[in-house]
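Worksheet: the structure to be examined is printed underneath.
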Amino acid sequence: MIVIMSELLFARFLELAEREHSLPAGSVLFRMDDPVLSLFLVTAGELRLVRALPDGFQLTLQRAGSASILAEASLFADRYHCDALATEESTVRAVPITKAKAALESDRALASSLLRHLAGEVHQTRTRTEILSLKSVAARVAAWMACNGGVLPPKGRWHHVASEIAVTPEAFYRELARRRRCAAGMMHPRMPPDII
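The sequence shown begins at 801 in my numbering and counts up one residue at a time.
Now the structure itself:
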């Protein structure tokens with residue numbers, strides 16, 4: 801569920817950026833509890849905000865692709881609330897947090913654009929919350945597919961969707977295989993996957 805933001809918002813923040821960081825796949829941009837010094841703009845690749853759970857599972861809080869802001873809530877925090885990981889080779893631009901806040905205070909159009917963007921993020925978060933409230937893997941996959949136009953990301957990113965809907969990659973892959981079998985007429989759609 802990657803949301804495309806207003807071009808004005810991204811372009812204006814990009815004008816304020818002072819540094820560029822290149823991140824190899826798997827690298828960490830910041831850790832939970834690091835002080836917030838910058839607002840990060842993803843210019844290439846993809847980063848995820850994740851929180852490690854006690855059982856070792858990683859819960860994905862945000863996926864930020866090219867032309868998006870990473871961890872918008874950091875504008876209003878002293879410390880980051882999660883880890884930011886590059887899922888692939890990525891590039892980010894850093895806007896000093898003081899500069900970002902000053903621009904929002906002085907530029908009404910920018911502040912309005914940020915409000916519209918954040919309203920969209922609230923909608924997306926509510927949708928995700930509803931998906932996570934569903935009990936079965938099948939229901940979560942069906943809801944995710946319905947909210948994303950029935951289109952999966954490239955196969956190498958399926959495990960990110962699994963993380964986003966809080967199921968194991970293996971359970972996600974089994975559900976996709978079950979759906980393929982149903983589509984091919986090999987089993988009844990309501991038949992539990994463990995029967996075959």
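From the three backbone atoms N, C-alpha and C, an ideal C-beta is built for every residue, glycine too.
Quick caveat: nothing in here was measured; it's all calculated off a predicted structure.
Taking 9 Å as the cut-off, the Cβ atoms of Glu872 and Leu823 do not count as close. Take Lys899, set aside five residues on each side of it, and the residues of its chain with a beta-carbon closer than 8 Å to its own are Leu816, Glu818, in chain order. In the pairwise beta carbon analysis, the stretch 945-956 is classified as not touching the stretch 903-910: fewer than three pairs are separated by under 8 Å. Ranked by Cα distance from Lys935, the options Ile965, Arg916, Val961 are led by Ile965.
In the assembly as shown, Arg978 is a buried residue. Its beta-carbon has 16 or more other beta-carbons within 10 Å. Between the alpha carbons of Leu875 and Asn948 lies a gap of roughly 28 Å. Residue pairing by DSSP places Pro835 opposite Arg879 in a beta bridge.
Across the structure, Gly826 and Ala886 are spaced so that their CA atoms are roughly 5 Å apart. The alpha-carbon separation between Arg916 and Leu870 amounts to approximately 16 Å.
For the pair Arg851 and Ile931, the Cα-to-Cα distance works out to about 18 Å. For Phe810 and Glu820, the gap between their C-alpha atoms comes out near 15 Å. With contacts defined as CB atoms closer than 9 Å, Leu837 and Pro896 qualify as a contacting pair.
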